[in-house]
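As structure tokens, the structure follows; a few thoughts come after it.
2 protein chains.
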Amino acid sequence: MTGALAIAGLGPGAEALVTPEVAEALAEATDVVGYFPYVARVPERPGLTRHASDNRVELDRARLALDLAAAGRRVVIVSSGDPGVFAMASAVFEALEAALEDAPDYGHLPIRVLPGITAMLAAAARAGAPLGHDFCAINLSDNLKPWALIERRLRAAAEADFAIALYNPRSKARPEGFARALDLLRETCGPERLVTFARAVTTPEERIETVTLGAARPEMADMRTVVLIGSSATRRVVGHVYTPRQAS
Amino acid sequence: MTGALAIAGLGPGAEALVTPEVAEALAEATDVVGYFPYVARVPERPGLTRHASDNRVELDRARLALDLAAAGRRVVIVSSGDPGVFAMASAVFEALEAALEDAPDYGHLPIRVLPGITAMLAAAARAGAPLGHDFCAINLSDNLKPWALIERRLRAAAEADFAIALYNPRSKARPEGFARALDLLRETCGPERLVTFARAVTTPEERIETVTLGAARPEMADMRTVVLIGSSATRRVVGHVYTPRQAS
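Top line first, the protein sequences correspond to chains A and B. Residue numbering for the first sequence follows the numbering used here, starting at 2 and increasing by one per position. Residue numbering for the second sequence follows the numbering used here, starting at 2 and increasing by one per position.
Right under this line is the structure:
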């Protein structure tokens with residue numbers, strides 16, 4: 002078994018944010034596996050097979066990648082952002098755990114995670130430094146967890162005065178979740194708290210907008226948006242939004 | 002005023018994790034400003050002036066960078082990791098806010114934040130995917146905030162079952178803080194919870210070790226360590242530590 006698997010983060014969109022480590026892994030790969038818009042970011046070349054799949058089949062995709070690596074291929078699974086933040090790395094380790102039941106030798110596969118610029122950090126950089134002090138990252142998608150847990154974490158984060166990054170704010174399946182999250186945050190943090198909506202960050206469709214919680218509307222976000230809620234200390238200076246290092 | 006300021010993240014240490022965007026900004030800079038070990042990562046070349054300073058003079062350093070940019074220089078402030086995560090970006094916006102009182106034209110300076118791979122994401126990648134679900138980042142340095150606030154945030158994060166990344170776990174000024182944090186976490190999360198100590202990640206001195214909270218000792222961390230506390234769902238699969246996407 003001479004194959005290997007890398008789980009690589011392509012960053013939020015701009016090629017200038019792909020690390021040399023990831024570029025090198027892609028240049029040496031025999032197989033690239035991933036959700037089709039991410040696979041499309043890897044150009045075709047001789048010797049490379051691209052395996053694009055639909056969304057929400059993470060475990061199947063992870064198992065395919067493990068099988069290819071076990072067959073001796075140099076496989077790269079591509080994620081947007083960072084593979085360890087609401088992306089493919091966890092799915093691969095879940096699939097590995099399941100695969101070990103019928104294929105115990107998969108435990109010897111070399112697996113590396115190659116970090117990338119996750120959306121909240123690219124969004125924060127564009128806005129200024131809204132995550133400049135203690136912060137939380139919460140995935141609002143409730144495909145895999147109950148809404149009660151999301152609400153408990155939102156409330157804990159707001160009450161302890163963290164800045165908060167919300168990933169996947171509006172899923173098609175449960176569009177009302179984000180409206181409830183905004184209500185909860187408005188109630189806990191008050192209407193003056195700053196909120197940045199960062200859509201398609203670092204791509205040609207990028208749109209960054211900062212408003213108060215009082216003015217925030219659910220339809221300002223879609224599935225390509227990451228939402229950054231400030232802490233009580235977050236403020237504006239000229240065109241920038243930032244959270245000072247000093248606690249309020 | 003034709004100068005400009007970029008606040009750039011050099012990533013955790015390895016050159017393969019410096020983004021092309023940051024490499025390009027450094028190649029075009031006339032001046033690099035920063036804490037001396039980070040400035041030392043930028044090679045000398047004709048036309049580049051390197052301004053290295055000691056730690057804990059962030060505001061002076063930020064003001065120097067603003068003054069140089071206002072004088073027409075192309076200035077890059079370098080941070081390790083991501084400049085927006087417990088690094089220089091917030092300090093620059095604080096310094097800008099203060100500078101506007103005596104130099105209102107500084108409000109027109111073009112300032113860009115260039116994101117980088119922050120330590121917790123590089124550490125998580127090396128360990129597996131311990132931050133694969135909702136997580137918090139907390140700076141244990143209490144130079145700028147009261148310990149009571151740190152404790153409140155730790156408790157909130159643990160009670161809401163976030164994974165937790167701790168930055169600057171042991172400061173020379175207050176070495177007992179991390180011991181207190183471990184006690185609080187052990188009490189809230191129990192002794193079986195997994196903890197990863199990641200020191201000098203991606204450098205030749207890298208050391209990654211995962212133990213339980215019951216076995217964790219304060220001296221396992223120093224100022225070059227980032228500490229990742231798992232959620233209740235975090236577990237091991239062969240040599241990897243990961244948090245599944247599914248809530249426990």
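Think of the CB as a built atom: it goes at the ideal place given N, C-alpha and C, for glycine as much as any other residue. Just so it is clear, the structure is predicted and the values come from calculations on it, not from any experiment.
With a threshold of 7 Å between beta-carbons, can residue i be considered close to chain B, or not?
i: A/His52; result: no
i: A/Asp135; result: yes
i: A/Val239; result: yes
i: A/Asp83; result: yes
i: A/Arg62; result: no
i: A/Val76; result: no
i: A/Ile139; result: yes
i: A/Leu11; result: no
i: A/Gly108; result: yes
i: A/Ser232; result: no
i: A/Pro116; result: yes
i: A/Leu65; result: no
i: A/Tyr243; result: yes
Could you tell me whether the Cβ of residue i comes closer than 7 Å to any Cβ of chain A?
i: B/Thr213; result: no
i: B/Arg46; result: no
i: B/Val58; result: no
i: B/Ser249; result: Caution is warranted here: a pLDDT of 49 is assigned to B/Ser249, below 50, making its placement in the model unreliable, and the coordinate value is therefore given only provisionally. So, not an interface residue.
i: B/Ala104; result: no
i: B/Phe198; result: no
i: B/Asp223; result: no
i: B/Pro205; result: no
i: B/Gly35; result: no
Starting from the C-beta of residue i, find all residues in its chain whose C-beta is less than 7 Å away, skip the five residues before and the five after it, and write them out in chain order.
i: A/Ala130; result: Tyr243 and Thr244
i: B/Tyr39; result: Leu11, Val79, Ser80 and Ser81
i: A/Val19; result: Leu11 and Gly12
i: B/Ala90; result: Ile8, Pro84 and Val114
Would you grab the beta carbon distance between residue i and residue j for me? Rounded to a whole angstrom, and I think it's under 8 Å.
i: B/Arg200; j: B/Thr235; result: That belief does not hold up - the Cβ atoms of B/Arg200 and B/Thr235 are roughly 20 Å apart, past 8 Å.
i: A/Leu183; j: A/Leu214; result: 7 Å
i: B/Ile251; j: A/Asp135; result: With chain B running from 2 to 249 in the structure shown, residue 251 of chain B is simply not present.
i: B/Val196; j: B/Val212; result: 6 Å
i: B/His241; j: A/Ile112; result: 7 Å
i: B/Leu186; j: B/Leu155; result: 7 Å
Who are the Cβ neighbours of residue i in its own chain at under 8 Å, not counting the five residues just before and after it?
i: A/Ala71; result: Met2, Gly4, Ala104, Asp106, Tyr107 and Leu110
i: B/Ser233; result: Asp162, Cys190, Arg194 and Ser249
i: A/Leu49; result: Ala30, Thr31, Asp32, Val33 and Val43
i: B/Lys1; result: In this structure chain B extends from 2 to 249, so residue 1 of chain B is not present and cannot be described.
i: B/Arg246; result: Gly133 and His134
What residues in its chain sit with their C-beta under 6 Å from that of residue i, if we drop five residues either side in the sequence?
i: A/Pro116; result: Gly10 and Asp83
i: B/Glu207; result: Ala201
Suppose contacts are defined by Cβ-Cβ distances below 7 Å. Is residue i in contact with residue j by that definition?
i: B/Thr203; j: B/Ala15; result: yes
i: A/Leu167; j: A/Leu132; result: no
i: B/Arg175; j: B/Asp143; result: yes
i: A/Val86; j: A/Thr119; result: yes
i: A/Arg64; j: A/Ala96; result: yes
i: B/Gly231; j: B/Ala164; result: yes
i: B/Arg127; j: B/Ile209; result: yes
i: B/Phe179; j: B/Pro219; result: yes
i: A/Ala88; j: B/Pro21; result: no
i: A/Ala100; j: A/Leu69; result: no
Within the present structure, is the beta-carbon of residue i separated from the nearest heavy atom of the ligand NAP by less than 6 Å?
i: B/Ala234; result: Absence of the ligand NAP is noted for the structure shown, with no ligands found whatsoever.
What residues of chain E sit near residue i, judged by a beta carbon separation below 7 Å?
i: B/Glu98; result: Protein chains A and B are contained in the structure displayed, whereas chain E is not.
Taking a Cβ distance cut-off of 7 Å, strictly less, list which residues of the stretch 173-188 of chain B are near chain A, in chain order. Correct list: empty, as no residue qualifies.
Got a sec: which bits of the stretch 16-30 of chain A sit with their beta carbon under 8 Å from any beta carbon on chain B, in order along the chain? Legend: CB atoms of the stretch 16-30 of chain A lying less than 8 Å from CB atoms of chain B belong to residues Glu16, Ala17, Leu18, Val19, Thr20, Pro21, Glu22 and Glu25.
Which of the residues in the stretch 158-173 of chain A, read from start to end, lie with their CB under 8 Å from any CB of chain B? Within the stretch 158-173 of chain A, the residues whose Cβ lies closer than 8 Å to some Cβ of chain B are Ala158, Glu160, Ala161, Asp162 and Phe163, listed in chain order.
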